Structure formats: structure tokens, C-alpha cells
Amino acid sequence: MKELQHLNKYFYKYKWQLILGLIITLVAKVFAVLVPRFIGNISNVIEQRINGGFSSDSTYYDALLTNILLVIGVALLSALFTFFMRQTIIVVSRHIEYDLKNEVFRQYQNLSLNFYKKNRTGDLMNRISEDVSKVRMYAGPAYMYSVSTFGMFLVAIPYMIYLSPTLTLYTIIPLPVLSFAIYKLSKAIHKRSTVVQQYLSKLNTFTQESFSGISVIKSYGLEAQTNTGFTTLANDSKEKNINLVKVQAFFFPLMVLLIGVSNILVIYIGGRMLINGTIENFGILVQFLLYVNMLTWPVAVIGWVTSMIQQAEASQKRINEFLVEEPEIKNLNEAPSKITGAIAFKNVSFVYDDTGIEALKNISFKVSPNETLAIIGKTGSGKSTLLELIGRLYDVTSGVLTIDGTDIRQLNLNSLRKSIGYVPQDAFLFSESIKENIKFGKAEATDKEVMQAAKNASVHKNIVGFSNGYDTVLGERGITLSGGQKQRVSIARAIIQDPKILLFDDCLSAVDTETEEAILSNLYDISKDKTTIIVSHRVSSAKNADQIIVLEDGKIQQQGSHSELINKDGYYKELYEKQLSEKEI
Numbered sequence: 001m002k003e004l005q006h007l008n009k010y011f012y013k014y015k016w017q018l019i020l021g022l023i024i025t026l027v028a029k030v031f032a033v034l035v036p037r038f039i040g041n042i043s044n045v046i047e048q049r050i051n052g053g054f055s056s057d058s059t060y061y062d063a064l065l066t067n068i069l070l071v072i073g074v075a076l077l078s079a080l081f082t083f084f085m086r087q088t089i090i091v092v093s094r095h096i097e098y099d100l101k102n103e104v105f106r107q108y109q110n111l112s113l114n115f116y117k118k119n120r121t122g123d124l125m126n127r128i129s130e131d132v133s134k135v136r137m138y139a140g141p142a143y144m145y146s147v148s149t150f151g152m153f154l155v156a157i158p159y160m161i162y163l164s165p166t167l168t169l170y171t172i173i174p175l176p177v178l179s180f181a182i183y184k185l186s187k188a189i190h191k192r193s194t195v196v197q198q199y200l201s202k203l204n205t206f207t208q209e210s211f212s213g214i215s216v217i218k219s220y221g222l223e224a225q226t227n228t229g230f231t232t233l234a235n236d237s238k239e240k241n242i243n244l245v246k247v248q249a250f251f252f253p254l255m256v257l258l259i260g261v262s263n264i265l266v267i268y269i270g271g272r273m274l275i276n277g278t279i280e281n282f283g284i285l286v287q288f289l290l291y292v293n294m295l296t297w298p299v300a301v302i303g304w305v306t307s308m309i310q311q312a313e314a315s316q317k318r319i320n321e322f323l324v325e326e327p328e329i330k331n332l333n334e335a336p337s338k339i340t341g342a343i344a345f346k347n348v349s350f351v352y353d354d355t356g357i358e359a360l361k362n363i364s365f366k367v368s369p370n371e372t373l374a375i376i377g378k379t380g381s382g383k384s385t386l387l388e389l390i391g392r393l394y395d396v397t398s399g400v401l402t403i404d405g406t407d408i409r410q411l412n413l414n415s416l417r418k419s420i421g422y423v424p425q426d427a428f429l430f431s432e433s434i435k436e437n438i439k440f441g442k443a444e445a446t447d448k449e450v451m452q453a454a455k456n457a458s459v460h461k462n463i464v465g466f467s468n469g470y471d472t473v474l475g476e477r478g479i480t481l482s483g484g485q486k487q488r489v490s491i492a493r494a495i496i497q498d499p500k501i502l503l504f505d506d507c508l509s510a511v512d513t514e515t516e517e518a519i520l521s522n523l524y525d526i527s528k529d530k531t532t533i534i535v536s537h538r539v540s541s542a543k544n545a546d547q548i549i550v551l552e553d554g555k556i557q558q559q560g561s562h563s564e565l566i567n568k569d570g571y572y573k574e575l576y577e578k579q580l581s582e583k584e585i
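For the sequence shown, the UniProt record's numbering gives the first residue as 1, with consecutive numbering after it.
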């Protein structure tokens with residue numbers, strides 16, 4: 001139960017609803033316990049009639065009808081309060097499920113990129129869906145049935161003792177045996193539930209990756225191989241579930257057996273007591289039989305509740321593993337920061353924790369507000385890493401990165417990121433309309449602003465060519481659009497928010513040179529009052545920048561303007577001449 005203590009804050013939050021549910025449950029059980037009493041009275045009335053105990057038929061029928069109406073009345077009241085019990089407690093469990101899912105989702109958003117490199121999407125989804133659902137069963141049905149069982153025993157057992165202490169003792173003899181069996185089985189359930197959830201995460205991950213990479217699977221004809229992999233994983237998961245069910249299957253047969261033993265004891269012992277005159281009448285024996293069967297479900301539910309608690313604890317443990325994870329990137333300044341866009345790297349180095357690769361080595365340069373910096377270099381030279389450091393997706397390993405003369409770690413994180421328009425190398429679009437995707441950069445943007453941003457990104461003509469125009473809903477990850485269209489929509493999303501810093505990570509690689517020239521022309525007009533950094537493999541994207549940096553193996557090899565660098569031997573000049581000759585061809 002240690003792991004489930006995390007939920008105590010939610011139980012406290014909804015304490016009054018839970019207390020109300022407890023009271024309603026007790027009231028429902030009081031009425032439920034009265035049903036056997038009045039049925040017992042009916043038996044006594046019939047017994048008296050057989051023995052000639054009524055002076056007239058009308059007296060007999062009045063007594064019989066009164067008790068029948070009482071049985072119907074208290075049964076209806078018990079049902080009504082049971083309905084209110086479910087409405088109160090189960091609704092609370094849904095609130096707790098909602099709160100816990102939001103807590104997990106907020107934690108996912110706060111965690112750094114390294115966390116997502118170490119954990120798979122399918123596992124993350126399973127913990128926020130399946131695991132939280134298991135926990136809800138603990139917060140709702142498990143709590144409700146526990147309270148119901150407690151209420152039934154609290155009300156029924158004292159009345160049974162009042163009727164016949166000896167018969168009550170024989171009735172509850174099997175319960176300690178049941179408790180011991182539950183204790184032993186619950187350990188096995190907890191262990192096997194954890195394994196089942198782990199395999200469910202593996203299945204979700206495999207499925208999610210297969211669907212996301214379906215084009216690759218089809219292109220390489222890997223359907224049969226993928227299906228075999230899924231079948232193997234599904235069979236393993238099935239075996240783990242069967243192992244769990246085998247243990248759970250012991251509960252109900254064992255409990256039915258013990259309840260059956262209780263019934264036999266009541267009939268045998270109670271019958272002898274009735275014959276010997278130890279109990280007053282046949283109605284008491286009828287009541288005990290009814291009480292034993294009324295206690296059947298509460299006792300049977302103990303096993304089910306125990307199983308739910310064990311599964312919930314296994315799931316909550318998995319959830320807690322992520323909730324206690326500390327984000328590497330923390331907002332150290334709660335006060336909003338004003339950003340103008342002066343960027344300076346001072347002997348900055350960066351090493352990726354997960355791979356140990358040193359992506360940047362002692363980098364130093366400055367970019368003033370209103371300037372454009374272009375970064376050129378081979379694949380793996382550290383260009384994208386440099387932009388990710390400016391967006392503070394990672395923190396520098398050594399050295400200092402400043403924005404407007406302040407260490408980037410001392411700036412308000414929200415202010416920093418809102419002042420940056422970032423277009424990543426791999427353009428990601430959501431399964432929304434094109435308009436909504438552009439408005440991700442500025443939620444309150446008007447249609448006119450959306451259209452202007454699209455025009456500046458040279459994608460407006462493409463969009464209006466679709467049957468639904470800007471209302472065209474994109475497929476997953478923007479699969480509806482071509483690579484170049486996705487890049488340009490991403491550019492429109494970045495520039496619509498009018499940020500102080502624009503970061504373009506090789507975002508024109510999928511467009512032709514003519515479209516590139518049009519976009520760059522618009523970007524240079526837009527970025528006149530902004531700090532702009534363009535990462536590219538093309539000299540054409542870099543030539544108009546105020547300064548150019550050439551990165552190689554994480555180090556700055558060349559630095560200067562276009563005119564300066566083409567007159568110096570080095571990578572930039574070689575690249576320029578190569579691309580110039582290709583253009584002429």
C-alpha cells in the first residue's frame with residue numbers, strides 16, 4: 001500500500017464526498033439488513049397460522065400483508081441508497097482519475113528531452129491510460145465495495161449475535177480461513193500484475209511504432225515479419241495474463257466453498273437448535289440463512305477488492321517512477337524576463353548524457369539583435385545542438401550561454417521560449433487543420449494573420465489549392481502534405497507569433513531553389529528587427545547573412561561574411577564552388 005499513498009492527497013481533496021458516500025452506504029445496509037428480519041416475521045406468521053395462532057383470517061392476512069409491504073419498502077429504500085452510494089463514490093473515482101491523468105501529463109510536459117530518448121511512447125501512453133485506469137478501480141469500486149462490506153458486517157453481525165450468539169459463531173468460522181487465503185494469494189497477484197502491465201506497455205510500444213512507420217514497413221515488404229513480431233509479443237503477453245488469471249481463479253471457488261460450508265453449518269446447527277428449543281422459532285433460522293447468503297457477495301468481494309488493490313499498487317508504482325523524475329531543465333526564475341535577442345556563446349561545450357557524444361567543443365561567438373547568423377557544416381557537426389541550447393531544450397555542459405547578457409538558466413523559461421520561433425529539422429504537424437497548425441504559434445491569431453504568415457512562408461498558394469483550403473485536416477504528423485509543404489507550414493507557425501529570436505534548422509532542405517529564394521526574401525524582410533539563426537547545407541541560404549559560422553566536429557572552423565569566406569580556402573569555399581557548378585549544370 002506504500003505506493004498508493006500518493007493518492008491520499010486526492011482522497012483528502014474529495015473527503016466530504018467520500019464521507020457522504022460512507023454515510024449513505026451505512027444507511028443502505030441498515031435497510032438491507034431489515035429485509036431478512038421481515039421475511040423471518042413472515043415465516044413466523046405462517047408458522048403461527050399453521051399452529052392455529054390467529055383468531056381470524058383477517059388478522060392473519062393483515063399481519064402477512066404488513067410484513068410483505070415492509071419487505072418491499074425496505075428493499076426499495078436499500079436499492080435507492082445503494083444507487084446514491086454508487087453515484088457518490090464512483091463519481092469521485094472519476095474525478096481522481098481525471099486529476100491523476102492531468103498530473104501525469106503535466107509531468108510529461110515538464111520532463112526534458114533526455115527523458116523521451118530513454119522511454120518509449122507506447123510505455124508513456126500505457127502509464128497514463130491503462131495504469132491510471134487500474135488506479136481508478138482502487139479509488140472507486142475497491143473503496144465502494146470495501147465500505148459496503150464493512151457496513152454489511154457492522155450492521156448484520158451485531159443483529160445476528162442478538163438473535164443467537166452460538167449460531168453466529170458457527171456462521172463466521174470460515175472467515176479467518178478466507179482471510180489467510182487472501183493474504184497468500186494477494187502477494188502472487190501483485191507480482192504477476194506488474195509483469196502484465198509491463199507486457200502491455202511493450203505491446204503498445206510495438207503497435208505505436210508499427211503504425212507510425214507503416215510506410216517503411218510496406219516499402220520494404222516487412223508486413224509478415226512485423227506480424228510475426230507482434231504475434232510473438234502478444235503470445236507472451238497472453239501467457240502472463242493467463243498466469244495472473246490462474247491465481248485470481250482461486251478466489252471465487254474458494255469463497256463459494258466457504259460460504260457453502262457456512263450454509264450447511266447454519267442448517268445443521270440451527271436445525272438442531274430449533275428442535276432442541278434453543279432458538280425460539282423457525283423465522284430465526286430463515287433469517288440466518290438469508291444473512292449468510294447476504295454476506296456471500298461482501299465476502300466474495302474481499303477477494304476481488306484485494307486483487308484490484310494489488311493491481312492498482314503495481315500500476316501506481318509504475319506511475320510514481322515517472323512522477324518522482326526530476327526535470328533536467330528547471331525554471332529558476334518565476335518573474336517574467338524581457339528578451340531583446342542578443343546571444344553570446346562563451347567557451348560552450350555540450351555532451352549528450354545518453355550517448356556520451358561531445359557535440360560542441362569550446363564554442364564562442366556573438367549575435368547582436370537584428371542580426372542574421374548562418375551556420376554551415378556537415379551532418380553531425382553540432383548545428384542542431386547549438387539551436388537546441390538556445391531554446392534551452394538542453395543546458396550547456398560547460399561554458400556560458402547568455403541572452404541579453406544574462407545566463408540563459410537565470411531567465412524565465414516561459415518568457416524565453418515565447419520569444420523564440422523555432423522551426424526544427426524534422427517538421428512536426430498535428431492532426432488538426434492547417435489553420436490550427438499555424439495558430440499553434442499564436443492561438444489568438446486572426447484569419448488574416450494566418451494567411452499572411454502562410455504567404456511569407458510561400459505556402460499560401462498550395463493551401464488554397466486544397467478543396468477545404470485552410471480548414472484541410474491533416475493526417476498524423478502532417479502526412480497529408482509533402483515534405484516541402486510541411487516545412488513551410490512550420491515556418492508560418494514560427495513567424496506568426498512575431499518572436500524576437502528566429503531559429504531555422506535546415507528547414508528549406510525539401511523545397512526547390514526558386515521557392516527557397518522567395519522564402520528567404522520574405523524572411524529577411526520579417527527578421528530585420530529580430531535575431532535570426534539559419535542552419536543550412538546550402539550556401540544560397542547563408543550568403544545574405546550578416547555573419548556565417550562553419551562547424552566541423554563540434555568546433556568553429558571558419559567565421560565571417562559570405563564575401564570573406566569565399567575568398568578563403570576552406571569548407572565554405574569548397575561548398576560554394578560545388579553548389580555553384582551544380583546550379584550551372
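Quick reminder that beta carbons are idealized off the backbone N, C-alpha and C, glycines included. The structure presented is a predicted model; accordingly, all values stated were derived computationally and were not measured.
Per DSSP, the beta bridge partners of glutamate 552 are Lys555. Taking C-beta atoms as the reference points, arginine 493 and isoleucine 534 fail to come closer than 8 angstroms. Rounded to whole angstroms, the gap between the alpha carbons of glycine 21 and leucine 76 is 18 angstroms. In the three-state reduction of the DSSP assignment, isoleucine 343 falls in the strand class. Only buried fits tyrosine 199, as 16 or more other CB atoms lie within 10 angstroms of its CB.
Scanning the stretch 187-275 from its first residue to its last, the whole alpha helix (DSSP H) runs of 4-plus residues come out as 214-219, 223-248. When DSSP assignments are scanned along the stretch 412-487, the uninterrupted stretches of alpha helix (DSSP H) that are 4 or more residues long and fall wholly within it turn out to be 413-418, 434-439, 447-456, 460-464. For leucine 265, the CB contacts under 6 angstroms within the same chain, skipping 5 residues up- and downstream, are Tyr170 in chain order. If the five residues before and after serine 527 are omitted, its C-beta is found closer than 7 angstroms to the C-beta atoms of Thr372, Leu502, all from its own chain and listed in chain order.
Boundaries cannot be given for glycine 382, as no beta strand (DSSP E) includes it and DSSP labels it neither H nor E. In the three-state reduction of the DSSP assignment, lysine 9 falls in the helix class.
The Cβ atoms of threonine 531 and lysine 500 sit closer than 8 angstroms to each other. Distance check between leucine 100 and each of Leu323, Ile309, Leu290, Met85 places Leu323 closest, using alpha-carbon atoms only. Shortest Cα-Cα distance from threonine 166 to any of Thr278, Ile463, Glu328, Lys338 involves Thr278. Of all C-beta pairs linking the stretch 332-344 to the stretch 408-417, three or more are shorter than 8 angstroms, placing the two stretches in contact. If you draw a straight line from the Cα of phenylalanine 81 to the Cα of glutamine 17, it comes to about 15 angstroms.
Taking the CA atoms as reference points, valine 292 sits about 10 angstroms from proline 298. Bridge pairing for lysine 366: Ala344 [DSSP]. Ranked by how close their Cα comes to the Cα of threonine 121, the residues Asn102, Tyr145, Val45, Ser210 have Ser210 in first place.
In the DSSP secondary-structure assignment, serine 349 is bridged to Ser398. It is roughly 11 angstroms from the alpha-carbon of serine 307 to the alpha-carbon of lysine 134. Distance from lysine 366 to leucine 551 at the Cβ level is roughly 16 angstroms; contact not present, criterion being Cβ atoms closer than 8 angstroms. When the beta-carbon positions are compared, serine 419 and proline 336 stay at least 8 angstroms from each other. Linking aspartate 123 to threonine 513 through their CA atoms gives a straight-line distance of about 42 angstroms. By the neighbour-count criterion, in which a residue is buried when 16 or more other Cβ atoms sit within 10 angstroms of its Cβ, valine 256 is exposed.
In this structure, the CA atom of asparagine 544 is about 19 angstroms from the CA atom of isoleucine 343. With fewer than 16 other beta carbons inside 10 angstroms of its own, arginine 94 counts as exposed. Within 10 angstroms of the beta-carbon of leucine 429 lie 16 or more other beta-carbons, which makes it buried.
The beta carbon of alanine 142 sits closer than 6 angstroms to the beta carbons of Val305, Met308, Ile309 from its chain, once the five residues preceding and following it are set aside; these are given in chain order. Aspartate 505 sits buried, since 16 or more C-beta atoms from the chains shown fall within 10 Å of its C-beta. Taking C-alpha positions only, arginine 192 is separated from serine 148 by approximately 27 angstroms.
If you draw a straight line from the Cα of asparagine 114 to the Cα of valine 195, it comes to about 26 angstroms.
Within the same chain, Cβ atoms closer than 6 angstroms to the Cβ of glycine 40 are found at Gly283, Val286, Gln287, the five residues on either side in sequence being excluded.
For the pair glutamine 557 and leucine 565, the CB atoms are not nearer than the 8 angstroms cut-off.
Taking the C-beta atoms as reference points, isoleucine 89 is found nearer than 8 angstroms to glycine 140. By the criterion of a C-beta distance shorter than 6 angstroms, leucine 393 is surrounded in its chain by Leu113, once the five residues flanking it on both sides are discounted.
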